[in-house]
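Going by numbering that gives the first Met the number 0, the letters in the sequence shown line up with residues 0 to 212, in that order.
Glycine residues also receive a C-beta, built at the ideal position from the N, C-alpha and C atoms.
Since the model is a prediction, treat every value here as computed from it, not as a measurement.
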Amino acid sequence: MREVPKTKKQQATDPAKIETAVRTILEAIGEDPEREGVKNTPRRVAELYRRIFGGIGKDPAKDLKLYTVENQDGLILVKDILFHSMCEHHLLPFFGRVQLAYLPDENRITGLSSLTKVVETLSRKPQLQERLTNEIADVLTKALRPRGLLVAVEAEHLCMAMNETNRSGTKTVSYAMRGVMAEEPVKAEVMSLLGDPDPQARSNTVARDPDHL
Ligand SMILES: [Zn+2]
Numbered sequence: 000m001r002e003v004p005k006t007k008k009q010q011a012t013d014p015a016k017i018e019t020a021v022r023t024i025l026e027a028i029g030e031d032p033e034r035e036g037v038k039n040t041p042r043r044v045a046e047l048y049r050r051i052f053g054g055i056g057k058d059p060a061k062d063l064k065l066y067t068v069e070n071q072d073g074l075i076l077v078k079d080i081l082f083h084s085m086c087e088h089h090l091l092p093f094f095g096r097v098q099l100a101y102l103p104d105e106n107r108i109t110g111l112s113s114l115t116k117v118v119e120t121l122s123r124k125p126q127l128q129e130r131l132t133n134e135i136a137d138v139l140t141k142a143l144r145p146r147g148l149l150v151a152v153e154a155e156h157l158c159m160a161m162n163e164t165n166r167s168g169t170k171t172v173s174y175a176m177r178g179v180m181a182e183e184p185v186k187a188e189v190m191s192l193l194g195d196p197d198p199q200a201r202s203n204t205v206a207r208d209p210d211h212l
């Protein structure tokens, strides 16, 4: 097989290739790709994929701005950063919200728009919820160098919802803790401040659907 350098593999999407592939899928599922309603679907999907996979090969910390604010050593909570991503196992959306908590070091903080951009860049590629959670934690830990950081991602997966009956609305919660926030009692305290996810969601963190993985 032809050797493709890593950077080449990660360059922007190829709309013509996506169009051909989507047309092939339409044919393969027994659709008529010339039917009026789906005739332009390959082009529409190619346009959409350019945006929703726009995070591939992008540095998530590129637009992360840091500030120094005097006496800012207290806990910072950022709640409900919304995100949409694509499950890399089924290429169907998973979406929800990110909760963040960190304890700044040396008064170093960042703003909401920076955090939103980090989450967006990391969401816009084929992803797994657990990896997204860890990547957000790692990017922020590296840039902010906080004393501690906790990331909680709560999401609904359409592959789970559509594959099985009565799975709609089920949420999975994943956590990543770094620094002092990986230690009790700080961890328990911060998790209670972020709000305990509902019991159904919590049970899904321990009982991940094996079909999904
Ligand atoms: Zn999936």
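At a Cβ-Cβ threshold of 8 Å, residue 120 and residue 59 count as neighbours.
Here residue 126 is bridged, per DSSP, to 86.
When 82, 21, 13, 175 are compared, the shortest CA-CA separation from residue 100 is found for 175. Contact between the segment 73-93 and the segment 24-35 is absent, with fewer than three C-beta pairs closer than 8 Å. Our two residues, residue 15 and residue 69, have alpha carbons roughly 52 Å apart in a direct line.
In its chain, beyond the 5 residues on either side, 136, 140, 147, 148 have a beta carbon closer than 7 Å to the beta carbon of residue 177. Bridge partners of residue 176 according to DSSP: 149.
Under the 10 Å beta carbon count, residue 17 is surrounded by 16 or more other beta carbons and is classified as buried. In the DSSP assignment, residue 107 falls outside any alpha helix (DSSP H) and lies within the beta strand (DSSP E) extending over 107-109. Around the CB of residue 132, 16 or more other CB atoms lie within 10 Å, so the residue is classed as buried. Placement of the Cβ of residue 83 at a distance of 7 Å or more from every heavy atom of ligand 1 is found.
When DSSP states are grouped into helix, strand and coil, residue 78 belongs to the strand group. The Cβ neighbour count for residue 143, taken over all protein chains shown within 10 Å, is at least 16; the residue is labelled buried.
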